[in-house]
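Colleague:
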Amino acid sequence: MDQAPGPHTFRAVNLQGWRDLTFLHWSYPPEVVQALLPQGLTVETVDGRAWVGVLPFRMHAVRTPGLPPLPHLSSFPELNCRTYVRHANGTSGVWFFSLDAARLWIVAAARVLGLPYMWCRGDVDGEAPGTVRYRSDRLVPWRGPVRLRAEIEVGAPVDTDDLALFLSARWWAFSRRAGRLWQVPVAHPDWPLHEARAVVVDVGDVLGAAGLPAPTGAPLVHFSPGVRTRLGLPRPS
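Residues in the sequence shown are numbered consecutively from 0, following numbering that gives the first Met the number 0.
#1: With H, G and I counted as helix, E and B as strand and the rest as coil, what does DSSP make of D204?
#2: Suppose only complete runs of 4+ residues qualify. What are the alpha helix (DSSP H) ranges in the segment 24-111, listed by chain order?
#3: For V153 versus A197, is the C-beta distance shorter than 8 Å?
#4: Taking the DSSP output, what are the residues bridged to F222?
#5: May I ask which residues mark the beginning and end of the alpha helix (DSSP H) holding L161?
#6: In its own chain, which residues sit with a C-beta less than 6 Å from the C-beta of R227, not counting the 5 before and 5 after it?
#7: In whole angstroms, what separates the C-alpha of V111 from that of A186?
#8: With burial defined as no fewer than 16 other Cβ atoms inside 10 Å of the residue's Cβ, what is the status of A208: buried or exposed?
#9: Please determine if the segment 153-168 and the segment 135-145 are in contact, where contact requires at least 3 C-beta pairs separated by less than 8 Å.
#10: Restricting to Cα atoms, I'd like to know which of A101, L72, H71 and S26 is closest to L206.
#11: With the cut-off set at 8 Å, would you say N79 and L40 are in Cβ contact?
#12: Just how far apart, CA to CA, sit L69 and R62?
#13: Taking L147 as part of the beta strand (DSSP E), name the residues at either end of that continuous run.
#14: Is DSSP giving L114 helix, strand or coil here?
#15: Could you give the DSSP three-state label for P233: helix, strand or coil?
Next comes the structure, spelled out in structure tokens:
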């Protein structure tokens, strides 16, 4: 995987904080994930397995450079379901099956850019020492319920191994709009990771809504207190 784009040189059009984030990952046969990708993207693998992540977290201080964040509107729970891909042009990045956000204005704006955002009701509770609880319920009445429930025990900081780097150090996000692929540059510091354990985790609805079979086995879990992130303008791939 090409890690070089990490310290992107680009003009940021959006600033975000990603806080109290848990990476929940399951491996899948590559052909299962590849069947869900648009033409032009190839699923990336580690030791012959593809990986799908479900990431609950808190968006914090979302804003345009030069402007202050708006109270309440700029901080909210979010939930992503994603996999890891390489474009035909050689660029590695993230493909999102879904992104659930608890602010309707974010959903509306992001869908214009081709990102599959959904409106949800959610909560991130980190008040208990060493424990973070997540809840998300998608508010799309014409479809079946899509929800997440998770309780994560957070431990000590850990070094980032090769697999954790593969799953977290991603500098492009792909979307599909007007019949073509677009890519968004993303820049942030290295993720500070902690060992973590899923005490409770229910994500079957999230993965099923993406077209994936139910996962088998316990997830690979990493927790991070978060990073500050810069996003650039989408560009055609």
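Even for Gly, the Cβ is constructed at its ideal location relative to N, Cα and C.
Modeller: Let me lay it out:
#1: Three-state result, D204: helix.
#2: Taking only runs of at least 4 residues, the alpha helix (DSSP H) segments lying wholly in the segment 24-111 are 29-33 and 103-111.
#3: No, the pair does not count as a contact, with Cβ atoms beyond the cut-off.
#4: Note: F222 is bridge-paired with T21 and H193 in the DSSP secondary-structure output.
#5: According to the sequence provided, residue 161 is Asp. The question's Leu does not apply to it. Per DSSP, D161 belongs to the alpha helix (DSSP H) from D161 to S167.
#6: Taken in chain order, the residues that qualify are G16.
#7: Taking the straight line joining both Cα atoms gives about 22 Å.
#8: The residue is buried, with at least 16 neighbouring Cβ atoms inside 10 Å.
#9: In this structure the segment 153-168 does not lie against the segment 135-145, because fewer than three pairs of beta carbons, one per stretch, are closer than 8 Å.
#10: Taking the Cα of L206 as reference, the smallest distance to any Cα among A101, L72, H71 and S26 is reached at S26.
#11: Taking 8 Å as the cut-off, the Cβ atoms of N79 and L40 do not count as close.
#12: Cα atoms of L69 and R62: separation of roughly 8 Å, rounded to the nearest angstrom.
#13: Run containing L147: R146 to P156, per the beta strand (DSSP E) assignment.
#14: Note: L114 maps to coil in three-state DSSP.
#15: In this structure, P233 counts as coil in the three-state DSSP scheme.
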